[in-house]
Amino acid sequence: MITAASATQRLRRLNTPVLIVLVGAIFRITALTVDVRFLPDEALFTTFARDAAVYGEWLLPGPLDKPPLAIYANALALTLFVVQVNADGVLDFPVRLGEFAARVPNVFAGIILIAVVYALARQLYRDRVVAAWAALLVACAPPLIRFSASAFTDSLMLLFMTTSLLAAVRGRLLWSGVWLMLGIAAKPQAIYALPLLLALKAALIGRFTLRETGRFALPLLIGAGALLIWDLLRAPATSWWALALANNNPARLIRANEVGPRLLAWVIHGRFVFGTATIAFLVAPLLTISTGIIRQARSRAPRRATLIDMLLLTFALAYLLLHWLVAFNTYERYLLPLLPPLALIGARGSVALWRGLGRYITGPELTLLAGAFAFALITSGFDGGRLPDPARAEQAGIDEVAAYLNDQPVGTIIYDRWLGWQLGYYLGPWTDKRRVYHPTPGALVRDAAQQPDPAPRFFPAPADQPVGPWLTALRAAGFTVELDLTLDQFVVYRLLPP
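Counting from 11, one number per residue, gives the positions in the sequence shown under our numbering.
Right under this line is the structure:
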């Protein structure tokens, strides 16, 4: 029989995770409303998604180095919220509304991730308090907030790979394989979850039996086959896998002169993982976890929680060493797969420390300490989506450049050396301008000199780009170069042929 007291207790238990998810949702939705332009890779992914939604190019032809799932989610959002038929019966695509819609799937993925981490922490540690703190760490982590409000492919990947871990530790191996394959289909880096998945499953449930291996591998094999078929159907486009290897295959360890700079780059990124103030609060819990691991290491049968701590910490250290010592790009988003494991470790260490401190300080003092930690987390969350991003600031005005160029006569020639996918996105799907890429001043001059078309010609560039050699070469060939548009981040030159 359910009494009023038990019902109230259940409601309180439900309220905590729901409240944490709502807090995380507020941070992510707030970040979604910030008026910023796309970064180059966001423009790339959204251009492919737009071409699917507007032109029906669902096989995503062109130089794409990612699998399609996250881009399909992007395209679906564009189809539902952006693409509209205008008075002439033509599919219209407002680019600013497209910015918003392209980010919506990642916002939902980021919100759901909070609940998944809560469930994963409860399954691993069997402790509601640890689960609540782990979820709060994820809800307030600035990188997770920023990338949830972006058009990158990482947020969906992170949701699926974390859900795969949850399914594995619950013994649902078929679903674990399904979620892992979905993660890989969003971004191949989801495969990094596999060693941790295998280790947690073996430690908590037991090693894979032949039947379990088959159940886990089946969706991976089916998914890999589907990806292969999709890639073959895209021919003659270059294989996404070949481009992925070409664009991000270090194929070497770092050199001696790269050790310090790469370590510094990762430290700078890591400082903002949970916010600077929160990192300071997490130092003592991490030391507590490390001490517990060292003590339990002497035991032949370490406790369940300590064993989980060891596996999570080993995974985190191995991941960091791999990305430090192998010459991968030092992008901040490459730290995202670490955040759920670090949230679990940080939450476990914090709760263990507070419970240990309960022997020495009073309950109100302990509550005050926990409140200060929560305040630091929430402050980091508020800042996560609102603090200026230097990389995004560099894109401010790209839409104005595109609008200015779109106002030029039909057939205008744009010599686009640097703005690439960003300019292409903001020009829109039906632009009547011709964009031409030349990698060197000599190549530009040779083509421009041989171009008989009298259409207007423009040369846009970032304002901080040293364009002197290009302008000198054009003038030497007889072109008149006029500065036609000046913005904080961009300039546009008009080229008048001899």
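Glycine included, every Cβ here is placed at the ideal spot set by N, Cα and C.
From a predicted model like this one, the values you see are computed outputs, not experimental measurements.
- The C-beta distance from I155 to A41 rounds to 5 Å, short enough to meet the 8 Å contact threshold.
- Listed as beta-bridge partners of T40 by DSSP are no residues whatsoever.
- For the 7 Å CB-CB criterion, A59 and W68 do not form a contact.
- Looking only at V117, D75, R402, the smallest Cα-Cα distance to N259 is reached by D75.
- Per DSSP, E52 is one residue of the alpha helix (DSSP H) stretching across 50 to 65.
- Taking T163 as reference, the option from L90, A261, L49 with the minimal CA-CA separation is L49.
- Here R444 carries a strand assignment [DSSP, helix/strand/coil].
- For E492, the enclosing beta strand (DSSP E) has its first and last residue at 490 to 496.
- Between V93 and L101, the CB-CB gap stays under 7 Å.
- Its Cα nearest to that of Q499, the residue W428 stands out among L70, W428, A453.
- Selection Y135, H448, A487 evaluated against D319 yields Y135 as nearest (Cα-Cα).
- Beta-bridge annotation (DSSP): F469 is paired with Y503.
- Contact check for W189 against S165 fails: the beta carbons are separated by 7 Å or more.
- Around the beta carbon of V28, a 10 Å sphere encloses fewer than 16 other beta carbons of the protein chains shown; the residue is thus reported as exposed.
- Taken through DSSP and simplified to helix, strand or coil, Q133 comes out as helix.
- Per DSSP, Y370 lies in no alpha helix (DSSP H) segment and is marked neither H nor E.
- Within the region 221 to 264, the alpha helix (DSSP H) runs of at least 4 residues that lie entirely inside it are, in chain order, 250 to 257.
- I423 has R444, R467 as its beta-bridge partners, per DSSP.
- For Q94, the pairing in a beta bridge is given by DSSP as D102.
- Per the DSSP secondary-structure output, V336 pairs in a beta bridge with L263.
- In this structure, DSSP gives E375 a helical state, which the three-state scheme calls helix.
- Taking a contact to require three or more Cβ pairs closer than 8 Å, the region 437 to 449 and the region 379 to 397 do not qualify as touching.
- For the 7 Å CB-CB criterion, A357 and V179 do not form a contact.
- If you ignore the 5 residues before and after A465, its C-beta comes within less than 6 Å of the C-beta of G421, T422, I423, all in its own chain and listed in chain order.
- Excluding sequence positions up to five before and after A473, its CB lies within less than 8 Å of the CB of T496, L497, D498, Q499, F500, V501, all in the same chain and listed in chain order.
- By the neighbour-count criterion, in which 16 or more other beta carbons inside 10 Å mark a residue as buried, Y65 falls on the exposed side.
- Looking from the CA of P351, the closest CA among R365, R369, G233, Y128 belongs to Y128.
- Of the candidates T441, P462, P507, the residue whose Cα lies closest to the Cα of F469 is P507.
- Going by beta carbons, G381 and C150 fall outside the 7 Å limit.
- The alpha-carbon of L206 is positioned some 27 Å away from that of A252.
- For T172, the uninterrupted alpha helix (DSSP H) segment begins and ends at 164 to 179.
- Of P479, L376, E52, E410, the smallest CA-CA separation from F157 is found for E52.
- Annotation: the continuous alpha helix (DSSP H) that includes W189 extends over 183 to 196.
- Selection L379, T324, E109, L484 evaluated against A458 yields L484 as nearest (Cα-Cα).
- Judged by DSSP in its simplified three-state form, A111 adopts helix.
- In the three-state scheme derived from DSSP, where H, G and I count as helix and E and B as strand, E410 is classed as helix.
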